[in-house]
Every structure is written in C-alpha cells, then in structure tokens.
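In our numbering, the protein residues as written are 108 to 398. We treat Cβ as the ideally placed atom computed from N, Cα and C, and that holds for glycine. Bear in mind that the values here come from a model prediction, so they are computed numbers and not experimental data.
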C-alpha cells in the first residue's frame, strides 16, 4: 500500500516544475519529498534525512540534511507546492456538483508549550490545539483546506477557502452545518457561483430587521419549511465529509492526531498538508481500482 501511494506522489512531484530559491542546493520538490516520506511513515524529518531509511529505488537523488530542512521549511510557499501535488494526484477524480465543508480538531494537552496553539471549541468541549478546515466534493476531491489555531472562526476559515477557489462554470451546492450560516459567507459563495445551504443554530426564530443575503433566506426556507425535509436529505449526503475525515485516520494515512514532534503552526501546516497529499493518493488509488 505504501509503495503504491509513494509511486503516485513521486509521479506528481516529477510533473511539477521545480522551484529553486536563490543560492539553494536543493529544489522545492526535493524538500517536499523528504517531508512527504516522513509523513508517510509517521517519522520526524530527521529520520527522513538519513539515506539508510530510504530504499534506493524510492528516491535516487541526494538528500538534504536536517539543518538544511529546518531552514527550507520556513519557506511559506511550500504549502502552495503541497497543494499543487494534491491537485496533480487527484486530477483523474471525477467532479461532483455537491460540495461539503467541515472542520477537524487536533487537540494538544493544556500544558503544551506550543504558544501558537490556542484554546477554542472542539468536539466534546473546549480544547487547546489546531483545527483543520476542508472543502471537498461528494467524490472526496479536496478543493481547499486551511489550518488555524482552535479559536479561529469556521466562517472566516471557510471564506478564505472559497476565496481561493475559481468561479465555477456550473452552479454548485455547498452544504455546511449551523456554524456556517453567515451572510458574508453566503455572499462570498455566491461570487463563486456556489449556493451555500446551512441550517440556523436556532431554527424557527425570527430573522430580525437586518438585511439578509438572498441565498441565506433561501437556505432558511429550504432547511425549515415543510418540516425541514430538504435539510434531512442534505444532512445524509453531508456525511461524505465525515467519511473523508475517517480516511485521514486510517492506518495508511495516520492523520488522527499530532505526533510529539509536530508543533507550531508552520510545522503543523506542513505535516497536515503532507497527510492530505497522501490521503489524496489513497482516494485516487481506490478510484482506479473500482473504476
């Protein structure tokens, strides 16, 4: 299984144009290879920098040392490079009209010294850590993701994801829970030709005197009129994003929790991005098998 996933990842890396910062010995693709190899085997970067931990056929190029990796991992464009790898890996997946969004919390102990991890709302109550926000379609194609401290708002994170998506040629439907029922988010989605449907936290209450976006008013009608039959149907479809998160915690991906060597927002983003690339390879492999 790991060999099949790594084959897809290497093919995506080789297809991307290498980006080499000034006076750098190693390209961005070579740095990403070390990050992805470490994430694939749930090992720290220092482990992946040693040639003894690599089969020769897995990567024939010279490996950067740990000092070089620590310096190069400060490059903010590495996350964009990971997104290109994800896009390349899942290029053969079919497109779906129904989009889904949700978040997954990564909890740390309250006594953790990670100053960038914040206390916010997570499943089961308040916790300290980070939260992964994703947008996927019904076929588990990853359209966008963001990682923020736990206290970051879901609507703000989702708006940033939508902002990074190109305007859709065909009208698409985005389904979220009550945390995404926001006028600015409805307006942002409408600019990308996306209809957001999300229930209110307190259904059946009055809307007040403020002006609401037309898509939010339509969402209220669809989720509350006639006993909310439309929302019951969409809620069953929304379980697709829960299955996406379930795939992240499988043994071949292993993104269920943050390991002890992954701390600070920058390192956590790279680790999560690498795990999302591995998960995209898993989904693409399963699609090829069942096609």
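query                                                                                                                    : result
Cβ neighbour criterion (16 or more within 10 Å) applied to residue 279                                                   : buried
Reduced DSSP category for residue 156 - H, G, I as helix; E, B as strand; rest coil                                      : coil
Cβ-based neighbour list, residue 386, same chain, cut-off 6 Å, excluding 5 preceding and 5 following                     : 354, 355 and 360
Helix, strand or coil at residue 121 [DSSP, three-state]                                                                 : helix
Expected contact under 8 Å - CB spacing of residue 249 and residue 304 to nearest Å                                      : About 20 Å; that fails the 8 Å criterion.
beta-carbon residue 273 near the ligand FMN non-hydrogen atom, thresh 8 Å                                                : Only the bare structure without any ligand can be found here, which leaves the ligand FMN out of the picture.
Contact between the stretch 140-152 and the stretch 210-229 (3+ Cβ pairs under 8 Å)                                      : no
DSSP state of residue 175 mapped onto helix, strand, coil                                                                : helix
Cα-Cα separation, residue 306 to residue 263                                                                             : 17 Å
The stretch 254-273 contacting the stretch 171-178, beta-carbon criterion three pairs below 8 Å                          : no
Close beta carbons around residue 212, own chain, < 7 Å, minus the five adjacent residues each side                      : 229, 230, 234, 236, 238 and 257
Backbone secondary structure at residue 242 - three-state DSSP                                                           : strand
Between the CA atoms of residue 269 and residue 204 - distance to the nearest angstrom                                   : 15 Å
Rounded distance between the beta-carbons of residue 351 and residue 186, thought under 8 Å                              : Residue 186 to residue 351, Cβ: 19 Å. No contact.
Cβ contact check for the stretch 311-329 and the stretch 109-117: 3 or more pairs under 8 Å                              : no
DSSP-derived helix/strand/coil call for residue 365                                                                      : coil
Simplified DSSP assignment, three categories, for residue 383                                                            : helix
Counted within 10 angstroms of its Cβ, other Cβ atoms place residue 291 as buried (16 or more) or exposed                : exposed
Residue 281 versus residue 320: straight-line alpha-carbon distance, rounded                                             : 16 Å
Buried or exposed (CB count within 10 angstroms, at least 16 for buried), residue 366                                    : exposed
Buried or exposed (CB count within 10 angstroms, at least 16 for buried), residue 98                                     : Absent from the model: residue 98. The displayed extent of the chain is 108 to 398, so no value can be given.
Nonlocal neighbours in the same chain, by C-beta distance under 6 Å from residue 345, ignoring five residues either side : 207 and 282
Terminal residues of the alpha helix (DSSP H) in which residue 191 lies                                                  : 185-196
Proximity of residue 243 and residue 380 at Cβ, strictly below 9 Å                                                       : no
Terminal residues of the beta strand (DSSP E) in which residue 212 lies                                                  : 205-215
Residue 219 versus residue 144: straight-line alpha-carbon distance, rounded                                             : 27 Å
Cβ shell of residue 166 (< 8 Å), same chain only, five flanking positions each side left out                             : 117, 140 and 144
Test item: CB-CB of residue 135 and residue 184 under 9 Å                                                                : yes
Per DSSP, cross-strand counterpart(s) of residue 233                                                                     : 228
Beta-carbon proximity list for residue 119, same chain, < 6 Å, skipping 5 on both sides                                  : 192, 195 and 196
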